[in-house]
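Presented below is the structure to which this report refers.
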Amino acid sequence: MPGRLKLPKHQDTSATLAGHYPFLAEAGLGSAGVFVGQDLYSGGSFVYDPWVLYQRGIITAPNIVLAGIVGSGKSSLAKSLYTRSLPFGRRVYVPGDPKGEHTPVAEAVGGKAIILGHGLRNRLNPLDEGHRAASVSDAEWAAQLAARRRELIGALAETVLDRPLTPLEHTAIDLALADAVRNAEVPILPMVVDRILAPNAEDDRDRRLAEDGRLVGHALRRLVAGDLAGLFDGPSTVRFDPSLPMVSLDLSRVAENSTLISVLMTCSSAWMESALSDPDGGQRWVIYDEAWRLMAYPALLRRMDAQWRLARHFGIANMLVFHKLSDLDNVGDSGSAMRALASSLLANAETRIVYRQEPDQLGSTATALGLSGTEQKLLPALGLGQGLWRVKDRSFVVQHQLHPDELVAFDTTARMTGQS
Numbered sequence: 094m095p096g097r098l099k100l101p102k103h104q105d106t107s108a109t110l111a112g113h114y115p116f117l118a119e120a121g122l123g124s125a126g127v128f129v130g131q132d133l134y135s136g137g138s139f140v141y142d143p144w145v146l147y148q149r150g151i152i153t154a155p156n157i158v159l160a161g162i163v164g165s166g167k168s169s170l171a172k173s174l175y176t177r178s179l180p181f182g183r184r185v186y187v188p189g190d191p192k193g194e195h196t197p198v199a200e201a202v203g204g205k206a207i208i209l210g211h212g213l214r215n216r217l218n219p220l221d222e223g224h225r226a227a228s229v230s231d232a233e234w235a236a237q238l239a240a241r242r243r244e245l246i247g248a249l250a251e252t253v254l255d256r257p258l259t260p261l262e263h264t265a266i267d268l269a270l271a272d273a274v275r276n277a278e279v280p281i282l283p284m285v286v287d288r289i290l291a292p293n294a295e296d297d298r299d300r301r302l303a304e305d306g307r308l309v310g311h312a313l314r315r316l317v318a319g320d321l322a323g324l325f326d327g328p329s330t331v332r333f334d335p336s337l338p339m340v341s342l343d344l345s346r347v348a349e350n351s352t353l354i355s356v357l358m359t360c361s362s363a364w365m366e367s368a369l370s371d372p373d374g375g376q377r378w379v380i381y382d383e384a385w386r387l388m389a390y391p392a393l394l395r396r397m398d399a400q401w402r403l404a405r406h407f408g409i410a411n412m413l414v415f416h417k418l419s420d421l422d423n424v425g426d427s428g429s430a431m432r433a434l435a436s437s438l439l440a441n442a443e444t445r446i447v448y449r450q451e452p453d454q455l456g457s458t459a460t461a462l463g464l465s466g467t468e469q470k471l472l473p474a475l476g477l478g479q480g481l482w483r484v485k486d487r488s489f490v491v492q493h494q495l496h497p498d499e500l501v502a503f504d505t506t507a508r509m510t511g512q513s
């Protein structure tokens, strides 16, 4: 038509055009929260905070799954997310650190790392009272404490036996625990073991209780006199202090004993749960590093599932850290209850962060997260500290940025590089 201006076509990437046409760039998640790094699509700052996003209605579940191969930078991201949250009043719990890499971080921020292992003087009494919320009455506290102790002893026995307990074994534990509590203000595990193997005559009127509890008694005996002894056979010498900015359980001294790791994490989870259920406890991160190890144990997996489902109620942001999402396929048998629980953890995490993945993992990762073909192709080419963030239905590619002091504190390669 006469008078119409005809311009030549121009084709370029959205990342380039965003500089001239900002409406092509993703608006991001807002400016409130923790600075993470640079959004590589828009060029702007990327800020993330699960509690802020929940309050704004962007997400409905504050849980996170983080996956990436060794050396991709995922560990540094996890540490910076929780440490940068501390000035906002958040606290951090690491119920199990198999490599001990969160210990220097906890100490640097004024927290505490509880180090347990053979040859150390530290002891952990599974029957400690734990944290009591100020709002809990004496009657409520007595009921909560009794239930938690019963559940914990049962979970420890199941872990060592590697099977569920029978009703008769539950009865043996209940009666032995009640007898131990009557005779000590704070009972210790050897007392319960003794009473399971040699029940009180008043409790064993048909003379069958000792036989009913024989297997579970000997299973628990391993923790106080057998090959797992030395950590649970006396009063606690360490204390879980929920008022600290960060508490981590360092399991690096027992990393080769998978049963002992599970037992220790079961105890630490019970400690932690009493603090998490305090309505005045504030907002807290719970970090499950090397999550594939932990999810192999039914008792731990059930605890993790319960905490994820109650995250909103307790003000918790859970973070699962994996090497690859296909690790979930190694939990239980196909179609089993354990596999279903593991899958539900991913389903209840509306923030999924994927760092570099090997080519053979692309299909399973794309299926698990519902990635587009373009997103899938990004994964093997991501550089150090670069990740694909899926926040509910929105996608971002983010370059994580670290302060020089963080680089030193978060370093996991000191032994390989000869630096300390």
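Numbering (my numbering), first residue to last: 94 to 513.
Glycine included, C-beta positions come from ideal geometry on N, C-alpha and C.
The criterion of a C-beta distance shorter than 8 Å is not satisfied by H224 and G247. Contact annotation: L394 and M431 have beta-carbon atoms nearer than 8 Å. Apart from the 5 residues on each side of it in sequence, L439 sits with its Cβ closer than 7 Å to the Cβ of V158, L421 and A461 in its chain, given in chain order.
Classified as buried, Q479 has 16 or more neighbouring CB atoms from the shown chains inside 10 Å of its CB. Rounded to the nearest angstrom, the gap between the Cα atoms of S329 and S336 is 18 Å. In this chain, the beta strand (DSSP E) harbouring R184 covers R184 to D190. The beta-bridge partner set that DSSP reports for G480 consists of V491. In this structure, the alpha-carbon of D287 lies about 11 Å from that of V317. Here P338 is near G203, since their CB atoms are less than 8 Å apart. Membership of T458 in the alpha helix (DSSP H) is indicated by the continuous run L455 to L462. S341 is bridged by DSSP to V187 and A206.
In the structure shown, the three-state DSSP call for A235 is helix.
Rounded to the nearest whole angstrom, the C-alpha separation of Q400 and R243 is 19 Å. DSSP, read as helix, strand or coil, puts V331 in coil.
As DSSP reads the structure, T444 sits in a beta bridge with I157 and V484. Using a Cβ distance threshold of 8 Å, V185 and I380 count as a contacting pair.
Put simply, of A227, L249, G130 and I162 the residue whose alpha carbon is nearest the alpha carbon of L455 is I162. When rounded, the separation of the alpha-carbon atoms in E366 and M412 is 16 Å.
In this structure, A232 keeps its C-beta atom at 8 Å or more from the C-beta atom of L313.
Taking S178 as the centre and dropping the five residues before and after it, the same chain places the C-beta of V127 closer than 6 Å to its C-beta, in chain order. The C-beta distance from L282 to L220 rounds to 6 Å, short enough to meet the 8 Å contact threshold. When rounded, the separation of the alpha-carbon atoms in A363 and S135 is 44 Å. I162: not part of any alpha helix (DSSP H); DSSP gives it neither H nor E. Taking every protein chain shown into account, the CB of H211 has fewer than 16 other CB atoms within 10 angstroms, so this residue is exposed.
Between G306 and A265, the CB-CB gap stays under 8 Å. Of the candidates V145, R241 and S436, the residue whose Cα lies closest to the Cα of G425 is S436. For Y147, there is no enclosing beta strand (DSSP E); the residue is found in the alpha helix (DSSP H) stretching over P143 to Q148. DSSP places G247 in the helix class (H, G or I) of the three-state scheme. Leaving aside the five residues that flank I207 on each side, the residues in its chain whose CB is nearer than 6 Å to its CB run, in chain order, V331 and L342.
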